[in-house]
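Trainee: Numbering (the numbering used here), first residue to last: 2 to 292.
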């Protein structure tokens with residue numbers, strides 16, 4: 002009798018958890034659980050959580066790179082890239098999408114990294130807001146911007162580009178008034194993603210990326226977190242639709258191969274040489290974009 006009761010109780014708990022997960026997925030997919038804000042309100046949401054860093058000895062407005070962290074939040078990997086970018090003369094905007102929504106490290110790992118909240122479709126609204134913050138600074142050349150996203154941040158970049166190609170904002174933003182001069186990603190000259198997540202529930206399917214924003218991707222051959230095959234299929238569809246995506250699959254590398262102090266996950270292995278190569282490759286892409 003006690004065993005039967007225990008089985009029923011465990012089953013009820015399991016069903017409740019599954020129902021909760023299904024509800025979260027449905028809410029994210031349909032958008033009914035996603036807060037919708039005006040661009041001004043989205044800027045206010047992020048303002049205290051976007052750190053703008055400028056290169057030393059700056060005497061004119063410089064190009065800027067908007068950096069979008071992985072699901073776990075800002076980590077040492079963003080610091081390493083930011084240091085190289087600043088040395089190269091670029092401004093950096095470090096966007097902390099999690100903290101802006103009061104998501105701490107534990108919440109990030111248990112909710113964002115498990116796709117219970119803050120899908121890339123919703124987070125894509127952070128990019129126009131970061132662009133608006135860049136445009137507020139006279140030290141930044143807002144007509145020469147680039148996006149870099151890691152993992153979940155790469156997913157976010159893909160979604161933002163997909164919405165831009167459709168001529169509309171991310172669904173977390175209220176519709177922008179009709180204006181023939183309006184563009185979803187003003188000033189963005191290039192987009193870069195490192196080991197982005199491309200599987201379900203990613204909305205972007207590769208059939209609608211913009212032709213005017215070059216997209217560069219670095220994938221990891223041994224990535225078990227964001228399998229590269231999902232992205233390759235997406236990029237194949239993009240090429241079939243007439244927009245070729247510059248992507249590379251780096252042999253032997255895992256997810257977060259450039260993260261020096263990553264989470265204790267056996268699926269992720271840091272490779273210092275590969276990390277150096279990735280940062281150098283990005284500098285080449287930015288030089289081409291901002292020429």
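All C-beta atoms in this analysis are idealised placements derived from N, C-alpha and C, irrespective of residue type, glycine included. In this text, all values refer to a predicted model and were calculated from it rather than measured experimentally.
Are the CB atoms of residue 158 and residue 148 within a distance shorter than 7 Å?
Mentor: Here the question's residue 148 lines up with position 147 in the chain shown. Here the question's residue 158 lines up with position 157 in the chain shown. Contact flag set, yes.
Trainee: Tell me residue 48's beta-bridge partners as DSSP assigns them.
Mentor: Against the chain shown, residue 48 aligns to sequence position 47. Looking at the DSSP assignment, residue 48 forms no beta bridge with any residue, so it has no partner.
Trainee: Going by CA-CA distance only, name the one from 112, 65, 91, 95 that's closest to residue 77.
Mentor: Position 76 of the chain shown, counted from the start, is the residue given in the question as residue 77. Closest option to residue 77, Cα to Cα, is 95.
Trainee: With a threshold of 8 Å, are at least 3 pairs of Cβ atoms found where one atom belongs to the segment 269-285 and the other to the segment 94-108?
Mentor: no
Trainee: Would you mind stating whether residue 160 and residue 131 have Cβ atoms separated by less than 7 Å?
Mentor: The residue given as residue 160 occupies position 159 in the chain shown. The residue given as residue 131 occupies position 130 in the chain shown. Against a cut-off of 7 Å, the Cβ pair of residue 131 and residue 160 comes out as no contact.
Trainee: If you scan the segment 72-152 from start to end, which runs of the alpha helix (DSSP H) of 4 or more residues do you find wholly inside it?
Mentor: Counting only runs of 4 or more, we get 77-88, 98-101, 121-124, 127-137.
Trainee: Quick one: measure Cβ to Cβ for residue 121 and residue 153, integer angstroms, because I've assumed they're closer than 8 Å.
Mentor: What you label residue 121 is simply residue 120 of the chain shown in a count that begins at 1. What you label residue 153 is simply residue 152 of the chain shown in a count that begins at 1. With 8 Å as the limit, residue 121 and residue 153 qualify as a contact, their Cβ atoms being about 7 Å apart.
Trainee: What is the DSSP secondary structure of residue 190, counted as helix, strand or coil?
Mentor: Position 189 of the chain shown, counted from the start, is the residue given in the question as residue 190. Correct three-state label for residue 190: strand.
Trainee: With three or more C-beta pairs closer than 8 Å as the rule, is the segment 201-218 touching the segment 251-271?
Mentor: no
Trainee: Keeping to the same chain, check which residues put their C-beta closer than 8 Å to that of residue 127; ignore five residues upstream and five downstream.
Mentor: Counted from its first residue, the chain shown places residue 127 at position 126. Taken in chain order, the residues that qualify are 43, 47, 69, 96, 98, 101, 157.
Trainee: DSSP three-state label for residue 283, please.
Mentor: Looking up residue 283 in the chain shown gives position 282. The three-state secondary structure of residue 283, taken from DSSP, is helix.
Trainee: Please report the distance separating the alpha-carbon of residue 257 from that of residue 60.
Mentor: Working through the chain shown from its first residue, we reach residue 257 at position 256. Working through the chain shown from its first residue, we reach residue 60 at position 59. Each residue's Cα considered, the two are about 36 Å apart.
Trainee: Under the DSSP definition of a beta bridge, which residues are partnered with residue 246?
Mentor: In the chain shown, counting from the first residue as 1, residue 246 sits at position 245. Its beta-bridge partners do not exist; DSSP assigns none.
Trainee: Give me the DSSP bridge partner(s) of residue 70.
Mentor: For the purposes of this step, residue 70 is identified with residue 69 of the chain shown, where counting begins at 1. The beta-bridge partner set that DSSP reports for residue 70 is empty.
Trainee: Look at the Cβ atom of residue 185, then the Cβ atom of residue 205, and state whether they are nearer than 7 Å.
Mentor: Mapped onto the chain shown, residue 185 falls at position 184. Mapped onto the chain shown, residue 205 falls at position 204. No, they are not a contact pair.
Trainee: I'd like the span of the beta strand (DSSP E) that includes residue 221, first residue to last.
Mentor: Indexing the chain shown from 1 puts residue 221 at position 220. From DSSP, the beta strand (DSSP E) with residue 221 extends over 216-221.
Trainee: Out of curiosity, what's the CA-to-CA distance linking residue 291 and residue 275?
Mentor: Position 290 of the chain shown holds residue 291. Position 274 of the chain shown holds residue 275. One C-alpha to the other measures close to 24 Å.
Trainee: Taking all protein chains shown into account, do 16 or more other C-beta atoms lie within 10 angstroms of the C-beta of residue 129, making it buried, or fewer, making it exposed?
Mentor: The count along the chain shown starts at 1 and reaches residue 129 at position 128. By the neighbour-count rule (16 or more Cβ atoms within 10 Å), residue 129 is buried.
Trainee: Please list, in chain order, all residues of the same chain as residue 37 whose beta carbon is under 8 Å from its beta carbon, the five residues on each side excluded.
Mentor: Mapped onto the chain shown, residue 37 falls at position 36. Cβ neighbours of residue 37 beyond the five flanking positions: 172, 173, 174, 175.
Trainee: On the premise that residue 235 lies in contact with residue 199, defined as a C-beta separation below 8 Å, what is that separation, rounded to the nearest angstrom?
Mentor: In the chain shown, counting from the first residue as 1, residue 199 sits at position 198. In the chain shown, counting from the first residue as 1, residue 235 sits at position 234. At roughly 5 Å, the Cβ-Cβ gap stays under 8 Å, so residue 199 and residue 235 are in contact.
Trainee: Helix, strand or coil: which one does DSSP assign to residue 212?
Mentor: Translated into positions along the chain shown, residue 212 becomes position 211. The answer is coil: DSSP assigns residue 212 none of H, G, I, E or B.
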